[in-house]
Every structure is written in structure tokens, then in C-alpha cells.
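Here's the structure, in C-alpha cells; my notes come after.
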Amino acid sequence: MPRVVLLGSSPGPDAASGQSAPPAALTLPALPGCPTVIGKLHGQLASLDPAPVTIARSGDAAAYRGFPGTLVETSDLAADLRAVAEAAERATENLLILPANSLIHDELIYQITKSKRGALALITKEPREEDENGDAIVPDVPIDEAQPEIGDRTLEGLPVRARAAKSRVISVGSAYHAVTRPNAVLLGPLHLHVRHAPTLAEAARELAEMAHLFGPEDDLLQLLVLGLVRRGVSVGIRGRRDLFYRRVATQAEAEQFVAEMSAFDEDRARLNNAVKGADGFFTTYFVSTYSRFIARWAARRGLTPNQVTLISIALGVASALCFATGARAGMVAGGILIYFAFVFDCVDGQVARYARKFGVLGAWLDATFDRFKEYVVFAGLAVGAAVSGVGDVWTLALIALGAQSIKHLLDFSFGAANRRKPPSPLPGIPLSISPDTPLRAALEERKVARSGGTIRSLLKMWSKAGKYRAMHWARKMIVFPIGERFAVIAIAGAFFDARVTFLTLIIWGGVGAAYSLTGRLMRSLA
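Quick note on numbering that gives the first Met the number 0: the sequence shown kicks off at 0 and runs consecutively.
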């Protein structure tokens with residue numbers, strides 16, 4: 000579970016709101032119990048950290064008293080930064096840092112905190128024309144003339160400006176630090192892996208010494224991200240997409256934002272997020288389009304992921320028994336059953352993600368019995384072929400089984416090797432330097448150095464080809480993922496016979512293995 004740090008002294012765009020009380024103390028009368036913004040946020044975060052650290056100015060501290068956790072009273076921006084540094088130094092878990100006046104969906108908190116990135120920030124990018132690198136094309140204007148609109152409010156001036164590429168923040172601004180061609184706004188929440196906590200603490204202390212260079216409107220969280228980026232930490236980006244996030248500044252905004260928030264279907268977003276985003280073609284279009292609703296139905300009735308896994312296993316064994324009859328009706332029934340065995344194999348993971356019920360046993364059962372279902376169906380097909388007089392296909396069955404086993408071994412070993420590989424460090428520049436030009440130049444040099452060589456050029460060209468939808472799905476299908484394998488077994492088994500099924504598995508599997516092995520060798524050499 001992450002360690003939560005609430006920034007009650009993070010003014011940013013709220014500095015000019017004229018509030019006599021901190022925005023976090025505003026009430027939300029449209030919600031049951033009429034909670035305050037900070038009260039609602041504490042309720043949402045209780046399962047993550049029952050005793051969060053709250054950093055607030057002494058004049059606003061009264062609004063934060065009475066809530067669980069530690070209240071750190073500060074006097075100015077420098078003290079705020081030192082308080083963050085102390086919280087980071089004491090952290091033994093990942094950190095979730097967010098403004099105390101945040102109005103946010105539970106699902107968005109969950110999605111941010113489950114990220115495996117070393118650092119992740121919630122960002123909105125300006126809807127501008129993109130260049131060939133996927134970056135927004137922004138006119139070269141002085142940074143203090145650009146005003147990105149968020150909702151119905153304009154976030155004034157330079158402190159909330161940033162430059163984001165496809166997957167990470169590459170530059171952040173402040174009253175002192177300039178941003179070349181800004182194209183994004185940091186909205187608020189920051190999730191940080193504990194390994195980067197010492198870096199955050201060092202950057203925060205250095206920024207505290209520079210506090211006299213910042214303006215009263217400079218946002219505390221923005222400065223923290225600035226410190227991380229300038230010290231070479233890769234800060235990933237995440238948009239709001241189908242979920243809600245706003246920072247409340249006035250009572251009118253509190254009421255307006257609650258009304259806007261109620262228009263979002265958070266449960267639907269949670270259900271959609273329960274589906275893997277990188278599945279194959281067959282799974283995406285012929286299973287996940289409706290399996291998510293089975294998952295929600297199962298979760299609401301208390302079914303656990305392991306129970307759904309057992310249903311999938313039972314359907315797989317029943318399919319093998321039907322195939323073993325060798326009769327046409329049995330082959331058709333086997334094809335239907337193996338299809339639904341795969342459907343429930345997808346449902347168990349979706350139930351786990353939707354209901355947030357994860358366990359080591361469940362992960363082991365899912366991975367192990369995926370293989371079991373395939374192999375027991377291979378046996379059923381071979382027995383059915385002998386019974387029906389098709390002939391002895393045990394040799395083909397053993398070749399298919401061996402090829403699939405080798406593929407799983409290669410997949411596992413390559414994944415394990417990549418997990419052990421340390422991430423490539425990013426360049427950084429001192430915080431004392433105002434322009435970000437040296438940082439941008441260092442990033443460009445790194446990009447050029449990493450793009451050299453014939454193999455790297457081929458990989459880059461092949462990667463760019465994936466932006467075309469047909470090529471994207473062709474690349475997904477050629478590797479013969481589990482959805483396509485179960486589809487082949489279901490269709491070829493039901494309409495043809497075991498020999499055709501095994502030959503299709505062997506040929507397609509061989510092509511997929513050759514493609515995967517070639518790609519992995521090239522990436523390893525590069």
C-alpha cells in the first residue's frame with residue numbers, strides 16, 4: 000500500500016481564488032452527509048493509508064485537524080518543500096502525493112496507484128496538431144502568454160506548464176524554470192516508487208533553497224515533478240480519459256464539479272479497465288466485448304476469480320471428453336465448450352481486476368491451467384481421431400504440445416531477462432539552470448545514440464508500422480496468442496477433424512515462433 004501525502008499548501012491555480020478558507024474545507028452539499036472536500040478524500044484514501052501525512056500552512060491547519068494521520072504545519076513554500084522531503088525520507092512504501100483539494104474518482108486513484116512505472120503523473124495534453132514524433136505542435140510563444148483551458152477554468156500563466164512526449168514528462172516550468180514549447184498541464188496526483196523517494200527528497204530540499212525564485216502562484220506538486228525530471232527520473236503520464244479529476248478552488252466550483260462528476264459512469268469505467276488493453280484480435284473482438292459483463296455479474300454475486308477459474312477448467316475437460324467421442328456432434332460440442340472455457344479464462348482475470356481480488360494462488364492457477372486445458376484437449380482430439388478412424392494423430396499432437404511448451408519457455412525466459420535488465424538512465428541538468436534547452440539537447444543526443452545501427456533502424460521502422468490498424472492486428476495475430484489458439488481448436492475441431500486442427504496449430508505456431516524469436520534476437524542485439 001502506498002504512503003499518502005496530502006498537499007494542503009499547494010496553491011497553484013487556486014492562489015488567486017480569494018478563498019478565506021482553504022479549498023479543501025469547502026463542502027459538497029450534493030453528496031450524502033454533506034462532506035468537505037478533505038473529508039471525502041480521507042474516506043477514499045483510508046484503504047490505502049489510514050494515517051496520511053498532510054502538509055498545510057499554519058493559518059489553514061485548523062481545516063485539517065481532527066482527521067487521521069500526521070499534520071505538518073508550515074510557514075512558506077520552502078517549509079512545504081522540506082516537509083515533503085522529510086516524508087519522502089521516511090517512506091518505506093511507494094508514495095501517492097496529491098493536493099488536498101482534489102475531487103477524484105476512486106477508480107482513478109486505483110489506476111494511478113497500481114501503475115508499475117517508477118513515477119506517474121496525471122496530465123492533460125493540449126489538443127493540438129502532432130508532429131512526426133507524436134508530440135503536440137505548439138506555437139513558439141513566451142510561456143507566460145500561453146493559457147491552457149481545463150474544463151471551464153483557465154489555469155493562468157507559467158507555473159502549470161509542461162512538455163510531455165508520448166509516454167513521459169520531458170520538461171516542467173516554474174516562475175524561474177522555462178519550458179520550450181509547452182504542450183501539457185500537470186493536473187495533480189503523483190505516484191512515485193519508493194526507490195525514487197531519496198531522489199525526491201534531495202530535489203525538494205534543493206528547491207527549498209531556491210524558493211525565493213518562485214512566485215506565489217507556483218504549485219508545490221508541479222515543483223516536485225520538476226525536481227524529478229531535472230534529476231533524470233522518468234515520470235510517466237496518464238490522462239483522465241473516462242474518469243474525473245478536478246482541483247476545487249471555490250464553493251461554486253465545488254458544486255459545479257460534483258454535478259460534472261455525477262455525469263461520469265465510474266462503474267462502467269471500472270469495468271472497462273478490468274479488460275486487458277493489449278489482448279489479441281480474437282479476444283478483443285469475440286470475447287471481451289461481452290465477457291466483462293459476465294465478470295461484473297459474477298463479482299456482484301460473490302464469485303471469486305478462483306471459482307471462475309474452476310468453471311473454465313471444468314469446461315475445458317468437458318470439451319476434451321466431447322472431442323474424444325470422435326463423432327461429429329461431439330466435435331461440434333467440443334468446439335463450443337472450448338470456446339466458453341476460454342471465455343471464462345478471460346472472465347476470471349476480469350473478475351479479479353473488477354473486484355480487486357488478487358492472490359498468488361489465483362495467478363498460479365490461471366497460468367498453470369491455461370496450459371492444462373490446451374493439453375487435455377490435445378489428448379481428447381487424438382483419442383477422438385483414433386475412435387473415428389481418422390488415423391493415428393498422436394505424433395502431430397506431441398509435436399503441437401512440444402512446440403507450445405517450448406514457446407511458453409521462451410516467453411518466460413525472455414520476460415525474466417528483461418525484468419532483470421536495469422532501466423536506461425535519463426539525462427538530467429541542475430535545478431539552478433533556468434532554461435530547459437540543455438536537457439532537451441541531452442535527450443536528443445540520447446535519442447540519436449540509441450537509434451544508430453541497422454538493427455535499431457529496422458526495429459524502429461517496424462515499430463512505426465504498428466500505427467496502422469491492419470498492421471497492428473496482423474502483428475498481434477502472427478505470434479499466435481492464446482485466444483487465436485483456442486479459436487483454431489474450436490473452429491477446426493468443429494468443422495474439420497483432429498488432423499487439420501493439429502496441422503494448423505503446428506504451422507501457425509511455427510510461423511509465430513519464428514517471428515517472435517527473430518524479434519527477440521534483434522532486440523537483444525540492439
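Quick reminder that beta carbons are idealized off the backbone N, C-alpha and C, glycines included.
Residue nearest to residue i in terms of C-alpha spacing, selected from the options
i	options	result
L425	G414, S433, R245 and R439	R439
A78	A297, H211, T35 and I111	H211
P434	A174, A384, V232 and R295	A174
D344	R81, L395, R204 and R370	R370
F341	P437, K275 and V286	V286
G65	A50, S311, G383 and D75	A50
L97	V247, L442 and L504	V247
T112	V4, I37 and H471	V4
V376	A253, L397 and L442	L397
E373	R167, G334 and L44	G334
I432	Y467, E205, A90 and H176	H176
G518	I477, A486 and G329	I477
L395	S114, R167, R498 and A493	R498
Beta-carbon gap between residue i and residue j smaller than 8 Å
i	j	result
A262	L189	no
R474	A525	no
P304	V234	no
R27	P21	Sequence inspection shows Leu at residue 27; the Arg mentioned does not correspond to that position. Not closer than 8 Å, so no.
R291	A277	no
E72	A86	no
T53	L70	yes
R237	E106	no
G68	G279	no
A469	Y338	no
V83	A203	yes
R484	L504	yes
I103	F256	no
I293	V346	yes
A163	I108	no
A378	A441	no
T308	F368	yes
A62	A24	yes
L225	L80	no
M209	L6	no
Residue interval of the alpha helix (DSSP H) (run including residue i)
i	result
L40	V36 to L44
P98	Not the alpha helix (DSSP H): P98 falls in the beta strand (DSSP E), residues L94 to P98.
Y109	D105 to T112
Y338	R327 to A354
R204	A196 to E208
E483	I481 to F494
Y514	A497 to L524
R300	That residue, R300, is in no alpha helix (DSSP H); it is neither H nor E in DSSP.
P304	P304 to A323
Contact test: residue i Cβ vs the ligand FMN heavy atom, cutoff 7 Å
i	result
V36	As presented, the structure is devoid of all ligands, the ligand FMN included, so that no description of it is given.
Environment of residue i [buried if 16+ CB atoms lie within 10 Å]
i	result
F501	buried
N93	buried
L516	exposed
Q306	exposed
D217	buried
P437	exposed
S101	buried
N182	buried
H195	buried
P138	Any answer about P138 is weak, because its pLDDT of 38 lies below 50 and its placement is not dependable; what the coordinates show is given next. Burial call: exposed.
G511	buried
D496	buried
D391	exposed
S8	buried
Which residues DSSP lists as bridging residue i, in chain order
i	result
G235	L119 and R167
Y175	Paired residues: none, contrary to the question.
A62	A62 is not bridged to any residue.
R162	S170
Y244	I103
T26	T35
K459	Per DSSP, none; premise fails for K459.
V3	L95
K475	Note: K475 sits in no beta bridge, so no partner.
First and last residue of the uninterrupted beta strand (DSSP E) at residue i
i	result
A526	Any question about residue 526 goes unanswered here, given that the chain covers just 0 to 525.
G187	A183 to L191
A55	V52 to R56
T69	T69 to T73
V274	Where V274 is concerned, there is no enclosing beta strand (DSSP E), given that its DSSP letter is neither H nor E.
Chain B within 8 Å of residue i, Cβ atoms only
i	result
R519	Included in the structure is just one protein chain, with no chain B present.
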